[in-house]
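Enquirer:
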Amino acid sequence: SIAISPDLKITRLDTLNQLLDDSNHIVITHLNGLLRYLPEKELFKNKKINLKKDEDYERDTLVNDLLNLGYKPESIVNKTGEMGIRGFVIDVFPIGEDYPIRIKYFGDTIDSIRYFDENTQKTIKEINSIEIKTYTEFLTEQNIEIIDENQKNLPIYNKNIESIINYLDKPLVVFKDYSQIETNVETLRNQIFEYKQNKDKTILDEYISNR
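With positions in the sequence shown counted from 1, the corresponding number in the working numbering is that position plus 959.
Encoded structure:
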């Protein structure tokens, strides 16, 4: 889909994060979910920010790192994936957390990290450390300027791309109505061919499943 709801994005990212552990999982998805371009599993796993109270982490570096992880600047933070910057105070609502966090600086040192209520802006509790996971599936191997963060363009910026199957350890894949899936793949291939001819000649012809 051209427009994807934030809730579905969070569900996809939560799924990928859960697949990084050693537990057993059952993943149910549709054709587009199976074919969707994803960054290499190790790249996704390593793209996170670890913050600790009383440790140095330059403010501007943190802002840039949050932007690279897909967090969007807003004047007030009240939803997952948002960040706010007010001088030496940075608010961010990390994925997987029930509340946003407020990071206060003293110079280049993190002076405090607190959970706060996004409605009242009041502190809930102070913590000593936090891990902030990526809020985007569009991850690059290097921090380079990206013109269009559309998932179809991910192979342009990464040598290695994968599908959700690569995030699983020796998966047993079960298809429901395989003949219908083949029909849908052919339909999708024709749609992409027509789209490429009429609207976007740069789009790739291959699916992740063909690699």
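All C-beta atoms in this analysis are idealised placements derived from N, C-alpha and C, irrespective of residue type, glycine included.
Since the model is a prediction, treat every value here as computed from it, not as a measurement.
#1: Using a threshold of 8 Å, state whether the C-beta atoms of residue 1068 and residue 1013 are closer than that.
#2: Quick one: what does DSSP say residue 1111 is sitting in, helix, strand or coil?
#3: In the DSSP assignment, what are the bridge partners of residue 1082?
#4: Tell me which residues share the same chain as residue 1008 and place their Cβ nearer than 6 Å to its Cβ, disregarding the 5 neighbours each side in the sequence.
#5: I need the DSSP call for residue 1149, collapsed to helix, strand or coil.
#6: What would DSSP say about residue 904, mapped onto helix, strand or coil?
#7: Hey, is the segment 1047-1060 in contact with the segment 1075-1083, meaning 3+ C-beta pairs nearer than 8 Å?
#8: Work out the CA separation of residue 1138 and residue 1071 for me, nearest whole Å.
#9: Return the chain-ordered list of same chain residues with a C-beta closer than 6 Å to the C-beta of residue 1082, the five sequence neighbours on each side being excluded.
#10: Tell me, which residues are paired with residue 1032 by DSSP?
#11: List the whole-angstrom C-beta distance separating residue 1011 from residue 1125, where the pair is believed to meet the contact cut-off of C-beta under 8 Å.
#12: Can you tell me the Cα-Cα spacing of residue 1171 and residue 1133, whole angstroms?
#13: What span of residues does the beta strand (DSSP E) with residue 1061 cover, start to end?
#14: Starting from residue 1092, trace the beta strand (DSSP E) in both directions and tell me its first and last residue.
#15: Just how far apart, CA to CA, sit residue 965 and residue 979?
#16: Considering just the uninterrupted stretch of the beta strand (DSSP E) at residue 1158, what are its terminal residues?
Expert: Let's see:
#1: The count along the sequence shown starts at 1 and reaches residue 1068 at position 109. The count along the sequence shown starts at 1 and reaches residue 1013 at position 54. Taking 8 Å as the Cβ cut-off, residue 1068 and residue 1013 qualify as a contacting pair.
#2: The count along the sequence shown starts at 1 and reaches residue 1111 at position 152. Helix at residue 1111.
#3: For this step, residue 1082 is matched to residue 123 along the sequence shown. Beta-bridge annotation (DSSP): residue 1082 is paired with 1075.
#4: One-based indexing of the sequence shown puts residue 1008 at position 49. Counting only Cβ-Cβ distances below 6 Å, and skipping sequence neighbours, we find 1024 and 1091.
#5: Numbered from 1 along the sequence shown, position 190 holds the residue referred to as residue 1149. Three-state result, residue 1149: helix.
#6: There is no way to answer for residue 904, as the model of the chain reaches only from 960 to 1170.
#7: They touch, by the three-pair rule.
#8: Taking the first residue of the sequence shown as position 1, residue 1071 is located at position 112. Taking the first residue of the sequence shown as position 1, residue 1138 is located at position 179. Each residue's Cα considered, the two are about 57 Å apart.
#9: Here residue 1082 refers to the residue found at position 123 when the sequence shown is read from its first residue. Counting only Cβ-Cβ distances below 6 Å, and skipping sequence neighbours, we find 1073 and 1075.
#10: By 1-based counting over the sequence shown, the position of residue 1032 is 73. DSSP output for residue 1032 lists 1042 as bridge partner(s).
#11: Position 52 of the sequence shown, counted from the first residue, corresponds to residue 1011. Position 166 of the sequence shown, counted from the first residue, corresponds to residue 1125. About 32 Å separates the CB atoms of residue 1011 and residue 1125; that is not less than 8 Å, and the two are not in contact.
#12: Since the first residue shown for the chain is 960 and the last is 1170, residue 1171 is missing from the structure and cannot be characterised.
#13: Locating residue 1061 in the sequence shown gives position 102, counting from the first residue. Per DSSP, the unbroken beta strand (DSSP E) holding residue 1061 starts and ends at 1060-1065.
#14: Walking along the sequence shown from the start, residue 1092 turns up at place 133. Residues 1088-1092.
#15: Within the sequence shown, residue 965 is the residue found at index 6, counting from 1. Within the sequence shown, residue 979 is the residue found at index 20, counting from 1. Cα to Cα, residue 965 sits roughly 22 Å from residue 979.
#16: Translated into positions along the sequence shown, residue 1158 becomes position 199. Here residue 1158 belongs to no beta strand (DSSP E), and DSSP marks it neither H nor E.
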